[in-house]
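The opening residue of the sequence shown carries number 1 in UniProt numbering; numbering runs sequentially from there. Written below as C-alpha cells is the structure these notes are about.
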Amino acid sequence: MAFIIGAAGTAKNTGKTTTTSAILDELYRDNILIGLTSIGYDGEEVDNITGLPKPRLLLKKGSIVATAKKCLAAGSARYEILESTDIMTPLGRIMVIKITEDGLVVIAGPNKSSELRYILNTLTQKRNCKFIIVDGALNRIAPMVETDGIILATGAARNTNIEELVRETRAFYELFNLPEVSSEEKKNLHEQTKICLVQQDKGIIKTLEYGSLIDKKSADQIKQHIEEINTVYIPALLSENMLRELNHNIGGLWQNKMLVVRDPIKIVAGGNPENIINEINTLLFFGGKVKVLKKLPILAISVNPFYPRYRFEKNNYEAGFVNAEELFIKMKNAVPIPVVDVKRQGVNVLLSLIKAHI
1 MAFIIGAAGT AKNTGKTTTT SAILDELYRD NILIGLTSIG YDGEEVDNIT
51 GLPKPRLLLK KGSIVATAKK CLAAGSARYE ILESTDIMTP LGRIMVIKIT
101 EDGLVVIAGP NKSSELRYIL NTLTQKRNCK FIIVDGALNR IAPMVETDGI
151 ILATGAARNT NIEELVRETR AFYELFNLPE VSSEEKKNLH EQTKICLVQQ
201 DKGIIKTLEY GSLIDKKSAD QIKQHIEEIN TVYIPALLSE NMLRELNHNI
251 GGLWQNKMLV VRDPIKIVAG GNPENIINEI NTLLFFGGKV KVLKKLPILA
301 ISVNPFYPRY RFEKNNYEAG FVNAEELFIK MKNAVPIPVV DVKRQGVNVL
351 LSLIKAHI
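Structural data, given as C-alpha cells:
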C-alpha cells in the first residue's frame, strides 16, 4: 500500500524544498518507486524570459510525476508521457510522466481536492508508486486532506522570535491532530454539505443555509437548538470569531455536546491557530468535544534557523540565522512528534517514519 505525505511550508525559505530533496535522495538509494505532484506551484522563482517557475527538484530515472504541460520544457530531465489528463491549470493540462534521464523538474499540479484525488489514484493504482510526495504550502493546503499526513516545514523565515514560532507550531500540531469521529458518525455526516444539527436518536433535525460558520445568523441558530441536539457538524470553514461567539453564547450548554468539522484545514483556515486553540480549550472546559470527520496529522516538523535579513543601508538581503540549537530543542520539547533540522542532522528520523509505512 502506498504512503502519501504532503510537504507544506509555513512561509517561503522555511526549508521545505531542502527537506523534500533530502528525503528523495535517500529513498532513491533503496530503489523505491516514487511519485510526485504538487498543489499548484510556488511562483516566486520565475524565469524572466519564459515566465515559468524555475526547476528546484532533481529527480532520478523512474520517478513518476504529475505536472502541468507548460512546465515540461522548463526542466532538464528527460521524460516519457504516460497520460494526458483532463485536469486543466493556468500552466496547461496536467500530464503524468516517467523520468527517463535524471534532471531538474518543475512540478505544478492540480488545485482542487477532487483533482488531486484523481492524480493520487493514478500514481498508486495505475503506476504502482509506493511513496508519494505532494508539494504544498500553508496558504494552499486545502487539497492536502487527500494525503496520509504532512511534514510541516517552519523556521525563522516565518518568525524570528523562537518562543512565538514554537507556540504557533504547537497550535498547528494540536489542530491538525484533532481526534476523528467514529466510523458510525462519519457514515452519517460525510455527504452533508451544509451545517447540520444532529440529535443522537433522531439524526439530523435541522440543516442550516450555509456550509461555513462565518456569520452570526448561523451561530444564533445553533444556540437556539443546542439543548435538543448532541452534535454540530460544520462541513466547511469554521471562523475563529464565530467559534468565540458560540462559546460566549452557549457556555456550559456545551456539556456532553460535540462540535465536528470536516477536516483540520477547515479550522486552520479560520483564523489565528493559537486563538482557535484557546477557543477549543474553552469549549472543552465547558464539557464539550471537538472532532474532525477526517484527520490530517502532522507527522513531523522540520525547522530551519535561516531567514533573509534586510539590510537598509544597502537595500538588499543577507543570510540571517536564529540560534539553531535553541530553535531545535524548544520545538522538540513542544511537540510529541519527530522534529528535525535537515541541514544539521539529516533526514534519518523522517526516513524511519516513512519506511515504517511503505
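Idealized CB from N, CA, C, for every residue including glycine.
| Query | Result |
| --- | --- |
| Between which two residues does the beta strand (DSSP E) carrying Pro264 extend? | First-last for Pro264: Pro264 to Val268, but that is the alpha helix (DSSP H), not the beta strand (DSSP E). |
| Suppose you measure from the CA of Met331 to the CA of Gly9; what does that come to, to the nearest Å? | 16 Å |
| Between which residues of its own chain and Leu353 is the CB-CB distance below 7 Å, once the five residues before and five after are set aside? | Leu299, Ala300 and Pro338 |
| Find out if the Cβ-Cβ distance for the pair Leu175, Pro308 is shorter than 9 Å. | no |
| Within the continuous alpha helix (DSSP H) that includes Gln224, where are the two ends? | Lys216 to His225 |
| State the beta-bridge partners of Val134 as determined by DSSP. | Gly6 and Thr37 |
| Reducing DSSP to helix, strand and coil, say where Asn188 ends up. | helix |
| Please state the DSSP three-state secondary structure of Tyr118. | helix |
| Based on DSSP bridge pairs, tell me the residues matched to Cys129. | In the DSSP output, where bridge partners are listed per residue, Cys129 has none listed. |
| Can you give me the start and stop residues for the alpha helix (DSSP H) that Pro273 sits inside? | Pro273 to Phe285 |
| With a Cβ-Cβ cutoff of 9 Å, do Thr124 and Thr85 count as a contact? | no |
| Sorted by chain position, which residues of the same chain lie with C-beta nearer than 6 Å to Val268's C-beta, five sequence neighbours on each side aside? | Leu175 |
| Excluding the five sequence neighbours on either side, which residues of its own chain have a C-beta within less than 6 Å of the C-beta of Lys60, listed in chain order? | Tyr28 and Asp102 |
| Which whole-angstrom value is the C-beta distance of Ser302 and Val335, which I expect to be below 8 Å? | At roughly 12 Å, the Cβ-Cβ gap does not stay under 8 Å, so Ser302 and Val335 are not in contact. |
| List the whole-angstrom C-beta distance separating Val145 from Lys291, where the pair is believed to meet the contact cut-off of C-beta under 8 Å. | Not confirmed; about 15 Å, so no contact. |
| Nearest to Leu72 by alpha carbon, out of Tyr317, Val106, Ile222 and Ala219? | Val106 |
| Please go through the same chain and pick out, in chain order, the residues whose beta-carbon is closer than 7 Å to the beta-carbon of Lys202, but skip the five residues on each side of it. | none |
| Buried or exposed: which applies to Asp135, given that a residue is buried once 16 or more other Cβ atoms fall within 10 Å of its Cβ? | buried |
| Go ahead and pull the three-state DSSP assignment for Phe321. | strand |
| So, at 7 Å on beta carbons, what are the nonlocal neighbours of Gln199 in its own chain, with the 5 sequence-adjacent residues on each side left out? | Ile205, Glu228, Ile229 and Asn230 |
| Give me the Cα-Cα distance between Leu152 and Ala7, rounded to the nearest whole angstrom. | 6 Å |
| Compare the C-beta of Ile5 against all C-beta atoms of chain C and say whether one is closer than 9 Å. | Protein chains in the displayed structure number just one, and chain C is not present. |
| Using three-state DSSP, classify Val347 as helix, strand or coil. | coil |
| Taking a contact to mean a Cβ-Cβ separation below 9 Å, would you say Thr14 touches Thr154 in this structure? | yes |
| Are Arg140 and Asn111 closer than 9 Å when you measure CB to CB? | yes |
| Under 8 Å Cβ to Cβ from Lys130, same chain only, skipping five residues before and after it: list those, please. | Ala2, Phe3, Ile32, Leu33, Ile34 and Ile358 |
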